[in-house]
Every structure is written in C-alpha cells, then in structure tokens.
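*Asks:*
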Amino acid sequence: MDSNFGLPNSVQSTWRNYDRPNEYWKFHLPSFIHLSMKQMKQMMDDLGVSYPKSGNKEQITRALFRAQLGLTQYHNCSNTQLRKFIHDRKIDASGVIGGKFIGNHRELVSLLERADEHPQFHKFMDLPAELRNRVYEYHFSDMRTAYAPAQPPISRASRVLRQESLSMFYSICIFNISFNVSRIRSRHGDSFGAPLWIPDKHALWLGATPEKHLSQIMHLEIRVIWGMNTLHTFSFDITKGAVKSITVDHNFADASANAKLRSLFDLLLTSISTRKEDGEPKLSRDDIYAFRRAIEKGLG
1 MDSNFGLPNS VQSTWRNYDR PNEYWKFHLP SFIHLSMKQM KQMMDDLGVS YPKSGNKEQI
61 TRALFRAQLG LTQYHNCSNT QLRKFIHDRK IDASGVIGGK FIGNHRELVS LLERADEHPQ
121 FHKFMDLPAE LRNRVYEYHF SDMRTAYAPA QPPISRASRV LRQESLSMFY SICIFNISFN
181 VSRIRSRHGD SFGAPLWIPD KHALWLGATP EKHLSQIMHL EIRVIWGMNT LHTFSFDITK
241 GAVKSITVDH NFADASANAK LRSLFDLLLT SISTRKEDGE PKLSRDDIYA FRRAIEKGLG
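Heads up: the sequence shown begins at 1 in UniProt numbering, then just goes up one per residue.
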C-alpha cells in the first residue's frame, strides 16, 4: 500500500483534487520536501514538539509529519515505557516480543507508530452518547469545505453511527454549491450572461440529498464560476440568518453589485428564518434555487 510515512494515500488529500466529493474529510498535509532541516526543527520548536536532535532528514521529516497529525513522539521513551504502551493498547507484538525476545527500541517504536497510523475504535459504542457527540463535533469541525460531498465514512460504519453522526455532519460542515456563468460579448464590451447553471456534480448532489438533510445545513457557501475562475464567493450562516462575507475576484469582476446582492440575500434569509423546527431555521432545496435567482438579479 502506497503511503506517506505510513499514512495511507486513501486518507490523504491534495490541492489538486480538493473539490472532489470524497476529499473534504481527508487529511490535507503540506509537503515538507522544500524545507531544510533547520526549518523543520524550528517548526517543531514552535509547536513545542520534541524530536530526535541528531536525526537525519527522513527522521526529522517523519517527526514533523506525525506532529502535524497530533501523534505521540516515542524517541525519548524508554523500552520499558514503550512495552507498557504496547501492552496497555493491546497491540499485537507477537512478531517482536515473545520468549527470550523483548524487542529493541526501533522495533517497539515501529509497532506503536504503525498502530497510530491504523487506529481502531472497538469500544467507541461503549462511550456515553454525549461523549460520542463530542467526538463527532470535533471530527467534523476540522473538515474543509465540502463540495457536493459523499456522506462521511463514519456514517457508513453502522446504522447507529449513521443516525447519530449525519445530523451533526450537516449542521457543522460548510457546504459549497457552485453556479457557472457564461461570458458573452456585447456592443459595450464583455459582460456576464444569465442564467446561471449548476455543474452536473452539484446538481446530482442537490437532487440526491434528502430534504431532511438539506434542512440541517447551517453553513452555506456559494461560488459563481467562469471557466476556472471564481468570480464571487458568498458565505452564509443560516442559523443567524446572516451574510457572513462576499468575496470578489477583482481580476474578473467588481464589487459594485455587493450592496444590491446583500439586500436580496437578507430578504431570502429572513424568509428562511421564518421556517423553524426545534427553534432552528430550515434550509430547503428551493432555497438554493432562490439564491441562484437572487444572484442572477443582483449581477444582472
């Protein structure tokens, strides 16, 4: 299995495929290839992380990689401590420890690091529901913006986990919908034409996601795309009924319509706020299309 210092490629993401449906939940780790030993050590000093002071570049890179994942550094631990970690975590050490073999420092560290990189949660359902909810909250809050996302792997582990986790997934994560615009040429120069259209993957996601899940979305981001360029990005907090931000790429568009757009969005968000369940505003599929119409009107 290909991996980056033991972390499977299947759980790593890169900037090249950040907007794919299954990328939002993956680890997005920087490359350290361009960094010198001194720079990497300084980064770990800044993080307050220990590392092998006389280690080679591969060892220092691995230490920094593990630090980025919040994993334990074992190089300063004694063999007795390492064996206790292995025993307490019930890690299979039969290939290293047994009979007269007690494992050397390198072998023991290797066992622990492999276990770190392939964690198991056999006792997760033994936790109280309140603690499980905290785990879901922590897990989802660290995820990047989701572009027409597949449902998270944790929701496919069991029926109970699905029921518990999906509502938090939709309420915590930021969901992106993109609208594409065509550029037309008029007598007065270039302008952007209406209507806006939804890329296939976003349209499929919007059509396939049940209303009960769409209604749980609290953080929405809408982008207006022309070719490979993002002209406008609108961020909304559905809970507060507020426009969080409007970002414009001044290389391709201008901010002259921002005031008009804010006014149109405020009307729409007020309408959404009137539809409440359990005290929370409820987003609907029709609202997404209403946002599209508001953007067309505001930019028209």
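We treat Cβ as the ideally placed atom computed from N, Cα and C, and that holds for glycine.
Predicted model, so just to flag it, every value in this text is computed and none were measured.
Looking at I154: is its Cβ nearer than 8 Å to the Cβ of I288?
*Replies:* Their beta carbons are not under 8 Å apart, which means I154 does not touch I288 by this criterion.
*Asks:* Measuring alpha carbon to alpha carbon, tell me which residue in Q68, M43, Q73 and H118 is nearest P52.
*Replies:* Of the candidates Q68, M43, Q73 and H118, the one whose C-alpha sits nearest the C-alpha of P52 is Q73.
*Asks:* Find out if the Cβ-Cβ distance for the pair I238, I272 is shorter than 8 Å.
*Replies:* Their beta carbons are under 8 Å apart, which means I238 touches I272 by this criterion.
*Asks:* Taking Cβ positions, are A146 and F121 nearer each other than 8 Å?
*Replies:* Not closer than 8 Å, so no.
*Asks:* Taking only three categories from DSSP, how would you classify R285?
*Replies:* Helix at R285.
*Asks:* For the alpha helix (DSSP H) holding D200, just list the boundary residues, first then last.
*Replies:* Residues D200 to A208.
*Asks:* Can you name the start and end residues of the alpha helix (DSSP H) that T61 belongs to?
*Replies:* Run containing T61: K57 to Q68, per the alpha helix (DSSP H) assignment.
*Asks:* Compute the Euclidean distance between the alpha carbons of K84 and M143, then round it to the nearest angstrom.
*Replies:* Cα to Cα, the separation comes out at about 33 Å.
*Asks:* From the DSSP output, in three-state form, read off G98 for me.
*Replies:* The answer is strand: DSSP assigns G98 an E or B state.
*Asks:* So with Cβ pairs under 8 Å, would you call L82 a contact of chain C?
*Replies:* Here chain C cannot be found, since the structure has a single protein chain.
*Asks:* With which residues is N104 paired in a DSSP beta bridge?
*Replies:* Beta-bridge pairing links N104 to no other residue.
*Asks:* Where does the unbroken alpha helix (DSSP H) through D133 begin, and where does it stop?
*Replies:* One point to set straight first is that residue 133 is Asn, not Asp, in the sequence displayed. Per DSSP, N133 belongs to the alpha helix (DSSP H) from A129 to S141.
*Asks:* Cβ of A93 within 8 Å of Cβ of L71?
*Replies:* In this structure, L71 does not lie closer than 8 Å to A93 by Cβ.
*Asks:* Residue range of the beta strand (DSSP E) that H219 falls in?
*Replies:* Per DSSP, H219 belongs to the beta strand (DSSP E) from H219 to W226.
*Asks:* Which same chain residues, not among the five before or five after Y170, have their C-beta less than 7 Å away from its C-beta?
*Replies:* Cβ neighbours of Y170 beyond the five flanking positions: H213, Q216 and I217.
*Asks:* Report buried or exposed for I33, applying the criterion of at least 16 other Cβ atoms within 10 angstroms of its Cβ.
*Replies:* That one is exposed.
*Asks:* Quick one: what's got a C-beta closer than 6 Å to H75's C-beta in the same chain, skipping five residues either side?
*Replies:* Excluding positions up to five away in sequence, the list reads P52.
*Asks:* Exposed or buried, which one is S165 when buried takes at least 16 other CB atoms within 10 Å?
*Replies:* It counts as buried.
*Asks:* Count Cβ pairs between the stretch 197 to 209 and the stretch 245 to 260 that sit closer than 8 Å; are there 3 or more?
*Replies:* Counting Cβ pairs under 8 Å, fewer than three are found: no touch.
*Asks:* In angstroms, rounded to a whole number, what distance separates the CA positions of R106 and N133?
*Replies:* Their Cα atoms are separated by approximately 37 Å.
*Asks:* What separation, rounded to the nearest whole angstrom, lies between the Cα atoms of F179 and P199?
*Replies:* Between F179 and P199, the C-alpha separation is close to 7 Å.
*Asks:* May I ask you to report which of helix, strand or coil DSSP gives I238?
*Replies:* Here I238 sits in coil by DSSP.
*Asks:* Spatial neighbours of L127 within its chain, please: CB distance less than 8 Å, with the 5 preceding and 5 following residues excluded, ordered by chain position.
*Replies:* Closer than 8 Å at Cβ, skipping near neighbours: V135.
*Asks:* Can you name, in chain order, every residue of its own chain whose Cβ lies under 8 Å from the Cβ of R156, other than the five neighbours on each side?
*Replies:* Contacts found: R162.
*Asks:* What are the partner residues of A146, as DSSP defines its beta bridges?
*Replies:* A146 pairs with F175.
*Asks:* Residues in the same chain with beta-carbon distance under 6 Å from D116, minus the five sequence neighbours each way, listed in chain order, please.
*Replies:* Once the five neighbours on either side are set aside, the close Cβ partners of D116 are L71.
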